[in-house]
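*Asks:*
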Amino acid sequence: MIGTTLGGYKLIELIGKGGMAHVYKASDPTVKRHVAIKVLLPDYADDEEFRARFDREAETIARLEHLHILPLHAYGEQDGTLYLVMRYMPHGTLNDLIKAGPMNLQDAARILAQLASALDYAHQFGVLHRDMKPANVLLDGDRNIYLTDFGLAKSVSPDETSMTGQFIVGTPHYMSPEQCRAQDLTPAADQYGLAAMLYYMVTGQVPFNGKNALAIMRQQILDEPKPPVDLRPDMPKAASDAIVKSLHKEPSGRYPSCTALAVAFSQAVDPQVRSKIDNSSVPRQLRNRITDALSSFDDDSDNDNDDPTKARRTQVSER
Numbered sequence: 000m001i002g003t004t005l006g007g008y009k010l011i012e013l014i015g016k017g018g019m020a021h022v023y024k025a026s027d028p029t030v031k032r033h034v035a036i037k038v039l040l041p042d043y044a045d046d047e048e049f050r051a052r053f054d055r056e057a058e059t060i061a062r063l064e065h066l067h068i069l070p071l072h073a074y075g076e077q078d079g080t081l082y083l084v085m086r087y088m089p090h091g092t093l094n095d096l097i098k099a100g101p102m103n104l105q106d107a108a109r110i111l112a113q114l115a116s117a118l119d120y121a122h123q124f125g126v127l128h129r130d131m132k133p134a135n136v137l138l139d140g141d142r143n144i145y146l147t148d149f150g151l152a153k154s155v156s157p158d159e160t161s162m163t164g165q166f167i168v169g170t171p172h173y174m175s176p177e178q179c180r181a182q183d184l185t186p187a188a189d190q191y192g193l194a195a196m197l198y199y200m201v202t203g204q205v206p207f208n209g210k211n212a213l214a215i216m217r218q219q220i221l222d223e224p225k226p227p228v229d230l231r232p233d234m235p236k237a238a239s240d241a242i243v244k245s246l247h248k249e250p251s252g253r254y255p256s257c258t259a260l261a262v263a264f265s266q267a268v269d270p271q272v273r274s275k276i277d278n279s280s281v282p283r284q285l286r287n288r289i290t291d292a293l294s295s296f297d298d299d300s301d302n303d304n305d306d307p308t309k310a311r312r313t314q315v316s317e318r
C-alpha cells in the first residue's frame, strides 16, 4: 500500500505489523505533518467480529482524551478498508528502552506514574485495556509515554470475559491469572499487566517465561514470581514488595488502583517523590491523588514510628 492515498493521507512507510492490522507512516498534506495510520488487513475486512473490534478501538480512543493516551485524529473507510489516523511517534517504544538494560529506578517511577494515570483514567470510563505490554507504550522525545493499541479493550461488564471467539486474548507474559483463565475481568487485571511491565523495566526480565504461551499462562496461574530485589539488590525492598503485591494471584490482593501502585513504588525509591511529582508532567488530577495518598502515609507513619515503611504499605493497601 506504500505510495497510495488513504482518506487523503499518502502512505510513506510500513512501521508496524500486528495480527489484524498494519501501521504506516503517512503524510497529511492539509497541515504538512506526519501521522500514523493503522489499517485493518484485507483478510479481516469482511469479518464482522474484527470490524467490530476495529470500530470499538476507534470509539474507545475517541472518548479517552488523556495526556498519556495516544490521540485519535480520524477514523474512516475507503473502498472497504478501515483505518485509524493517530499521532506519529518516531521515538520508539518502551520495549526499545528496556532492551538497553534495566532502567534507573527514578525513571521507572516516572513512567509508572504516567501509565498509572492513563489506566486509572480509562478505568473511570469503564474501559479495560487488556493488552498491557511495553510494545504498546510509545515514547516522545522527552521519554514521556503514550499508551496505545486499544484493539482488545472492552467495557467492564458482568457478561464479558477475556475471550474472543475461541481464543484467549492478551500477551501471556503480561496477562493476569484471571485473564489466563478467561474469567471476568476488573481494572485489577490491567494493574497486574502494569506490574509485570514494571518488573521487566527494573530487572530486565519478565516475571514468568516459558517455551510457549500455555507454559507461561500456567505459571501466571500457579507460580509465585521471584521478588525483583533478588534480581536487583540495589532496589529498596519496599519497591520490590509493591511490585509483588500487584502481581498477587487474586485481584483482591492487589492495590485498589494503578495510582496506589505508583505511589507505593515511587515513595519507596525516592522519599522526595512528592516535590518531584508536583513539578512533573504528571496530570494535575493524578498529582492531587498521589499527594493526597502521600499525606495519608505521613499521618499513618506518625502512629507507627517503629516501622514507617510498613505503615505506608498498609495505608495504600486499604485505600
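Under numbering that gives the first Met the number 0, the residues of the sequence shown are numbered 0 to 318, in order.
Don't be surprised by glycine CBs; every beta carbon is placed ideally from N, CA and C.
Assess contact between the region 92–104 and the region 245–263, defined as three or more Cβ pairs (one per stretch) separated by less than 8 Å. Is contact present?
*Replies:* The region 92–104 is not in contact with the region 245–263.
*Asks:* Looking at C-alpha atoms only, which residue of Ile14, Glu47, Asp42, Lys9 is the closest neighbour of Val30?
*Replies:* Residue Lys9 is the option with its Cα nearest to Val30.
*Asks:* Excluding the 5 residues flanking Ser274 on each side, which residues of the same chain have their C-beta closer than 8 Å to its C-beta?
*Replies:* Caution applies to Ser274, whose pLDDT of 48 falls short of 50 and renders its modelled position unreliable; the value that the coordinates give is listed next. Correct list: empty, nothing qualifies.
*Asks:* Nearest-angstrom Cα distance between Met19 and Phe49?
*Replies:* 8 Å
*Asks:* Would you kindly check if the distance between the Cβ of Met200 and the Cβ of Asp107 is under 7 Å?
*Replies:* Before going on, a small fix: residue 107 reads as Ala here, not Asp. In contact: Ala107 and Met200 (Cβ atoms closer than 7 Å).
*Asks:* Using CA atoms only, rank isn't needed, just tell me which of Thr80, Ala61, Cys257, Met234 is closest to Ala187.
*Replies:* Cys257
*Asks:* Decide if Lys319 is buried, meaning its Cβ has at least 16 other Cβ atoms within 10 Å, or exposed.
*Replies:* This structure gives no information on residue 319, because the portion of the chain shown stretches from 0 to 318.
*Asks:* Considering just the uninterrupted stretch of the alpha helix (DSSP H) at Val201, what are its terminal residues?
*Replies:* 186–202
*Asks:* Beta carbon of Gln105, beta carbon of His67: below 7 Å?
*Replies:* no
*Asks:* So, with DSSP's three-state summary, where would you put Lys24?
*Replies:* strand
*Asks:* Which value, in whole angstroms, describes the spacing of the CA atoms of Glu223 and Lys16?
*Replies:* 33 Å
*Asks:* Nearest by alpha-carbon distance to Leu40: which of Leu137, Asp78, Leu69, Leu71 is it?
*Replies:* Asp78
*Asks:* Please name the residue in Gln266, Leu260, Val268 whose C-alpha comes closest to that of Ser116.
*Replies:* That would be Leu260, whose Cα lies nearest to the Cα of Ser116.
*Asks:* Do Ser245 and Arg253 have their C-beta atoms closer together than 7 Å?
*Replies:* yes
*Asks:* Quick one: give me the first and last residue of the alpha helix (DSSP H) that Met216 is part of.
*Replies:* 212–221
*Asks:* Evaluate Arg32 with the Cβ neighbour count: other Cβ atoms within 10 Å of its Cβ, from every protein chain shown; 16 or more gives buried, anything less gives exposed.
*Replies:* exposed
*Asks:* Going by DSSP, what residue range makes up the beta strand (DSSP E) through Ile11?
*Replies:* 8–16
*Asks:* Give the straight-line distance between the Cα atoms of Asp45 and Ile1, rounded to the nearest whole angstrom.
*Replies:* 22 Å
*Asks:* For Ala241, which of helix, strand or coil comes out of DSSP?
*Replies:* helix
*Asks:* Please return the same chain residues whose Cβ sits closer than 6 Å to the Cβ of Ala73, not counting the five positions on each side in sequence.
*Replies:* Val84
*Asks:* List, from N- to C-terminal side, the beta strand (DSSP E) runs of 3 residues or more that fit wholly inside the region 96–139.
*Replies:* 136–138
*Asks:* Specify, as a first and last residue, the run of the alpha helix (DSSP H) that Ile60 falls within.
*Replies:* 47–62
*Asks:* Using a threshold of 7 Å, state whether the C-beta atoms of Val243 and Pro226 are closer than that.
*Replies:* yes
*Asks:* Going by beta carbon distance, what residues of the same chain come within less than 7 Å of Met131, once the five residues before and after it are set aside?
*Replies:* Tyr173, Asp189, Gly192, Leu193, Met196
*Asks:* Would the C-beta of Arg180 count as close to the ligand HEM, meaning under 6 Å from any of its heavy atoms?
*Replies:* You won't find the ligand HEM in this model; it holds no ligand whatsoever.
*Asks:* Confirm, please, whether the CB-CB distance from Ala267 to Ala237 is below 7 Å.
*Replies:* yes
*Asks:* The beta strand (DSSP E) with Val332 in it runs from where to where?
*Replies:* In this structure the chain extends from 0 to 318, so residue 332 is not present and cannot be described.
*Asks:* For Ser239, which residues of its own chain have a beta-carbon under 7 Å away from its beta-carbon, when the five flanking residues on both sides are left out?
*Replies:* The residues are Pro226, Pro227, Val228.
*Asks:* Could you say which of Tyr87, Tyr120, Val38 lies nearest to His21 if we only look at CA atoms?
*Replies:* When only C-alpha atoms are compared, the closest one is Val38.
*Asks:* In the DSSP output, what is Leu81 paired with across the bridge?
*Replies:* Glu76
*Asks:* Quick check on DSSP: helix, strand or coil for Thr258?
*Replies:* Correct three-state label for Thr258: helix.
*Asks:* Relative to the C-alpha of Pro255, which residue among Ile36, Leu118, Arg109, Ala25 is closest?
*Replies:* Per the C-alpha coordinates, the member of Ile36, Leu118, Arg109, Ala25 positioned closest to Pro255 is Leu118.
*Asks:* From which residue to which residue does the beta strand (DSSP E) around Leu146 run?
*Replies:* 144–146
*Asks:* Tyr145 to Leu71, Cα distance in whole Å?
*Replies:* C-alpha separation (whole angstroms): 12 Å.
*Asks:* Have a look at the DSSP bridge pairing and note the partners of Ile68.
*Replies:* Leu146
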